[in-house]
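Student:
Numbering (the UniProt record's numbering), first residue to last: 1 to 77.
Structure (structure tokens):
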């Protein structure tokens with residue numbers, strides 16, 4: 001069974017955020033999204049909207065498509 005796409009997205013977001021050495025708080029400030037919302041997205045508990053994906057990509061200075069790529073580390077199946 002394929003991994004939940006929300007979990008995949010969350011793992012990729014963590015990967016990109018940590019590559020910049022940013023905390024969730026910093027990403028929240030840069031993107032204009034609530035830190036608690038970002039925590040839910042990173043844990044795969046939120047079904048993130050396209051506009052929020054774009055906000056995160058712009059804040060991280062990456063193309064939105066990068067956030068939709070599979071993460072380097074796959075969740076346990």
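The beta-carbon is built from N, C-alpha and C at its ideal position, and this holds for glycine as well.
Go ahead and pull the three-state DSSP assignment for residue 41.
Tutor: helix
Student: Could you check whether the stretch 37–44 touches the stretch 57–74, counting it as contact only if at least three pairs of C-beta atoms, one from each stretch, sit closer than 8 Å?
Tutor: no
Student: Provide the residue span of the alpha helix (DSSP H) that contains residue 31, from first to last.
Tutor: Run containing residue 31: 24–31, per the alpha helix (DSSP H) assignment.
Student: Residue 27 and residue 38: beta carbons closer than 9 Å?
Tutor: With contacts defined by Cβ atoms closer than 9 Å, residue 27 and residue 38 form a contacting pair.
Student: Just to confirm my understanding: we take residue 17, look at its own chain, exclude 5 residues before and 5 after, and list those with CB closer than 6 Å. What are they?
Tutor: 27
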